[in-house]
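Protein chains in written order, with our numbering: chain F, 1 to 165; chain X, 166 to 585.
Ideal Cβ positions, reconstructed from N, Cα and C, are used throughout, including at glycine.
Remarks on the structure that follows.
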């Protein structure tokens, strides 16, 4: 869990939760079925080439809009291990942490990442290594409070272990 | 002491004697609002915990509003899951599906009061900030945590102080102000911040207008949007609740990270162009742009004040033959009041279609979905790609007055022409 490796899919600024999972899918209720519509309107090639991507790299204000946790959950179902963004919308950030997916905040420019680049991310040492481009980035350490939730695989697991005590 | 309203209320709901921005705390929740999301991920997440009860069935406000009555079999199944959960866990405040939109009904019934900490399974939960309480949206997993423990983790937010002066001019509404503010600060400009609205300008605004402002702060990324209380608010609350409450003001030396000043008399009509609520343009820039549909409703602008100004514009007139106008009162109470005041008759005679109180078209759910390349002017809060229907459709966000005058002319128009 401390080291994440994989290749990246790139998204721009202000990607909202309607972009990630459109409203018309919300009554489907079957997450697997819903996941087929991930990024349906703005990047349908993502789901078509799913086996190529493990990590999302996005711009500012990622996950703005609705509180729908499905917009995080579909990425989890589709095997996305972490999301890197210049900034995250508040509810989306919480939903990522609560579902045990690391949210990594860094400032980046187009020259730093291209679609398909291969990354190695070390969470405990807080750095990203772009193997394809031989570039290294440090990111701000997540607060221990949030790290604890991630370590247990999400807040439901944390709560379960607390309820047992 | 030097605490903002957010710091004060957060502190009072935690075991901390002192809080500062960036600090993580566990806080006790006074009330949680849930809607159809209960039948989405929430019930599944909660069942994982293996608990046979919720922490306090008296502190849960449950309402169906997004897809009511059910337009599809899958929505009907979702409602069944919601109702089964509410019965199993003995929810006390089960509102069913005939009362209206959560963010209107909850305050109407006196559930949002000064000093409270409220969370909800909907990003526009910030609306209750108009009632001088802290309120914000959360996801399904967070809801499950609250159901189990009555507590939630929070990061203490930095606060921005927005000072309002003056009075809105005729034909200009609080929607125009909040859209302009979002355009100025950008959709990421207030991420994680608590926005405090101060000044005589706040006192000059009706409660309906204040709710529109608090509703849309989340479009700038804010965690809370809280307005300073006054006698107008007290009078409103006294008609709605017998429960005790205490008004919350910031400390004199409260620390803010940024300050903003707006004179409401200088605000003029604006729209948010497709496909971002921060893409603001003065009305003059889009005048004459043809529309296929006009939508007046949603948790942002479906209140009496909104319906009244629309009725004033539409009275005795007919909307353009190539435009459809959909009007949805935000609650059944508002629907009834509008009926008694004769507004519904004005709307029907003008050629509008009146829907039952629901979120409906705002989320592309039902009662007015947009087709290919269609253009809609809407009093709602989001104009994202595909939000109201086909991904090629375009949404302009505007005030109820702008929506009504645009429906009349079949093209985007300036409401001030009616009032000059």
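Closer than 9 Å to the CB of residue 263 (chain X) there is not a single CB belonging to chain F. From the beta-carbon of residue 288 (chain X), the residues of chain F found nearer than 7 Å are 65, 66, 67, 91. Residues of chain X whose Cβ lies closer than 7 Å to the Cβ of residue 37 (chain F) do not exist, since the nearest Cβ in that chain is about 11 Å away. Remark: fewer than three beta-carbon pairs, one from each stretch, lie closer than 8 Å, so the region 469-476 of chain X and the region 518-534 of chain X are not flagged as touching. The residues 126, in chain order, have a CB closer than 7 Å to that of residue 141 (chain F) in the same chain once the five nearest residues on each side in sequence are set aside. Shortest Cα-Cα distance from residue 561 (chain X) to any of X:411, X:516, X:447, X:363 involves X:447.
Minimum Cα-Cα distance from residue 557 (chain X) among the listed residues F:41, F:35, F:27, F:14 corresponds to F:41. With contacts defined by Cβ atoms closer than 9 Å, residue 539 (chain X) and residue 487 (chain X) do not form a contacting pair. Residue 48 (chain F) is classed as exposed because its beta carbon has fewer than 16 other beta carbons within 10 Å across all chains shown. The Cβ atoms of residue 105 (chain F) and residue 3 (chain F) do not sit closer than 9 Å to each other. CA-to-CA, the gap between residue 395 (chain X) and residue 82 (chain F) works out to about 46 Å. Residue 264 (chain X) and residue 229 (chain X) have their C-alpha atoms roughly 9 Å apart.
When DSSP states are grouped into helix, strand and coil, residue 214 (chain X) belongs to the coil group.
Using a Cβ distance threshold of 9 Å, residue 322 (chain X) and residue 517 (chain X) do not count as a contacting pair. In the three-state reduction of the DSSP assignment, residue 524 (chain X) falls in the coil class, being assigned neither a helical nor a strand state. Identification of chain X residues near residue 155 (chain F) by a Cβ-Cβ cut-off of 9 Å yields 306, 307, 309, 310, 318, ordered along the chain.
At a cut-off of 9 Å, the C-beta of residue 481 (chain X) has no neighbouring C-beta in chain F. For residue 489 (chain X), the enclosing beta strand (DSSP E) has its first and last residue at 489-492. Taking 3 residues as the shortest admissible run, the region 415-503 of chain X contains the following complete beta strand (DSSP E) segments, listed from N- to C-terminal end: 423-428, 435-437, 445-447, 458-461, 489-492.
By the beta-carbon neighbour count (other beta carbons within 10 angstroms, threshold 16), residue 580 (chain X) is buried.
In terms of beta-carbon proximity, residue 47 (chain F) stays away from the interface with chain X, with every pair separated by 9 Å or more. Residues of chain X with a Cβ closer than 7 Å to the Cβ of residue 16 (chain F) are, in chain order, 549.
Residue contact check for residue 441 (chain X) against chain F: a CB pair falls below 9 Å. The Cβ atoms of residue 366 (chain X) and residue 429 (chain X) lie closer than 9 Å to each other.
For residue 244 (chain X), the enclosing alpha helix (DSSP H) starts and ends at 238-253. Counting only residues of its own chain and dropping the five nearest sequence neighbours on each side, residue 570 (chain X) has a CB closer than 8 Å to the CB of 478, 578, 579, 580, 582, 583. Cα atoms of residue 88 (chain F) and residue 499 (chain X): separation of roughly 36 Å, rounded to the nearest angstrom. Counting the other Cβ atoms within 10 Å of the Cβ of residue 418 (chain X) gives fewer than 16, which makes it exposed. When rounded, the separation of the alpha-carbon atoms in residue 337 (chain X) and residue 117 (chain F) is 50 Å. For residue 308 (chain X), the uninterrupted alpha helix (DSSP H) segment begins and ends at 305-314. With respect to chain F, the C-beta atom of residue 201 (chain X) has a partner C-beta closer than 9 Å.
For residue 26 (chain F), the nearest beta carbon of chain X is closer than 9 Å to its own beta carbon.
Shown here for residue 69 (chain F): same chain residues with a beta carbon closer than 6 Å to its own, the five before and five after excluded, namely 95 in chain order.
Flagged as an interface residue toward chain X: residue 99 (chain F), by a C-beta distance shorter than 9 Å. The beta carbon of residue 277 (chain X) does not come within 9 Å of any beta carbon belonging to chain F, so the residue lies off that interface. Only residues of its own chain outside the window of five on either side were considered, and among them none has a CB closer than 6 Å to the CB of residue 551 (chain X).
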